[in-house]
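**Student:**
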Amino acid sequence: MRPAFHSLARQVLRQQSSKRFASSTTESTQKKAQDALSAAQKNAGKFLESAKKFLEPVGDKAGQLLGSYKQPLYYNFAVTKEIFKQIYVKEGLQPPTLADFRYAYSSLWSQVSKPALVGNLVKSGDLGRVGIYGLQAYGIFKIGEIIGRRSVVGYNVD
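When we follow our numbering, the leftmost residue of the sequence shown carries the number -16, and every step to the right adds one.
1) Just confirm the distance between the C-beta atoms of LEU104 and LEU110, as a whole number of angstroms; I'd bet it's less than 8 Å.
2) Would DSSP call MET(-16) helix, strand or coil?
3) Need the endpoints of the alpha helix (DSSP H) that GLN94 sits in, please.
4) Quick check: the Cα distance between LYS15 and GLU32, rounded to an integer number of angstroms?
5) What are the boundary residues of the alpha helix (DSSP H) that SER142 is part of?
6) Suppose contacts are defined by Cβ-Cβ distances below 7 Å. Is VAL135 in contact with ILE129 by that definition?
7) Measuring straight from C-alpha to C-alpha, what distance separates PRO79 and LYS64?
8) If the criterion is Cβ atoms closer than 7 Å, does the pair LYS53 and GLY42 meet it?
9) List the endpoints of the continuous alpha helix (DSSP H) containing LEU118.
10) State the start and end residues of the unbroken alpha helix (DSSP H) segment that holds PRO78.
11) For ASN59, name the three-state secondary structure that DSSP assigns.
12) Could you tell me whether the Cβ of VAL113 comes closer than 7 Å to any Cβ of chain D?
13) Using DSSP with H/G/I as helix, E/B as strand and the rest coil, what is GLY42?
14) So for TYR52, helix, strand or coil by DSSP?
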């Protein structure tokens, strides 16, 4: 008789646990989320308004400097944008996937890790060209570091 009581008790508890009760916490959570969203929208609006106030004189000054060239430049930029958009759609362009990156780097690493690559570069005379490409890549990296530090040598510690 005892096992029957336990199974009956389990069934009753399962039925009660599957019921959902209305909770004020979900309503209060939704209210808090709505308040946070409205506050974020308000702050974003303030930011955009202040950015517009800050950049408007710059845009006016640039417009004055361009003079009569302003409207043709706007037109040419709009046409160029539409042409690039059509090319993007027609060619089916899309950013590379993670699998594409993995394939590119694995094939590059498999070629570079072979010692016969250097011998082939020396025989074909392409060693100098590969060295120049490497030097250009290093130079671009160093220029990025200088721009990031905003100093040619070391960081400013003032």
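Where a beta carbon is used, it is the ideal one built from N, C-alpha and C, also for glycine.
**Tutor:** Reading it off the structure:
1) For the purposes of this step, residue 104 is taken as residue 121 along the sequence shown, with counting starting at 1. For the purposes of this step, residue 110 is taken as residue 127 along the sequence shown, with counting starting at 1. The Cβ separation is near 4 Å, so the contact holds.
2) Sequence index remark: in the sequence shown, residue -16 carries index 1 (1-based). Caution applies to MET(-16), whose pLDDT of 47 falls short of 50 and renders its modelled position unreliable; the model cannot decide the point.
3) On the sequence shown, position 111 is the one that residue 94 refers to. Where GLN94 is concerned, the enclosing alpha helix (DSSP H) stretches over 81 to 95.
4) Here residue 15 refers to the residue found at position 32 when the sequence shown is read from its first residue. Here residue 32 refers to the residue found at position 49 when the sequence shown is read from its first residue. The alpha-carbon separation between LYS15 and GLU32 amounts to approximately 26 Å.
5) Nothing can be reported for residue 142, as the shown portion of the chain is limited to -16 through 141.
6) The residue you call residue 135 lines up with position 152 of the sequence shown. The residue you call residue 129 lines up with position 146 of the sequence shown. For VAL135 and ILE129, yes; Cβs fall inside 7 Å.
7) Locating residue 79 in the sequence shown gives position 96, counting from the first residue. Locating residue 64 in the sequence shown gives position 81, counting from the first residue. The alpha-carbon atoms of PRO79 and LYS64 are separated by roughly 22 Å.
8) Taking the first residue of the sequence shown as position 1, residue 53 is located at position 70. Taking the first residue of the sequence shown as position 1, residue 42 is located at position 59. Against a cut-off of 7 Å, the Cβ pair of GLY42 and LYS53 comes out as no contact.
9) Working through the sequence shown from its first residue, we reach residue 118 at position 135. Judged by DSSP secondary structure, LEU118 falls within the alpha helix (DSSP H) whose first and last residues are 110 to 132.
10) In the sequence shown, counting from the first residue as 1, residue 78 sits at position 95. Where PRO78 is concerned, there is no enclosing alpha helix (DSSP H), given that its DSSP letter is neither H nor E.
11) On the sequence shown, position 76 is the one that residue 59 refers to. When secondary structure is reduced to three states using DSSP, ASN59 falls in the helix class.
12) The chain inventory of the structure shown lacks chain D, comprising one protein chain alone.
13) Your numbering for residue 42 matches position 59 in the sequence shown. Helix at GLY42.
14) As a position in the sequence shown, residue 52 is number 69, starting the count at 1. Correct three-state label for TYR52: helix.
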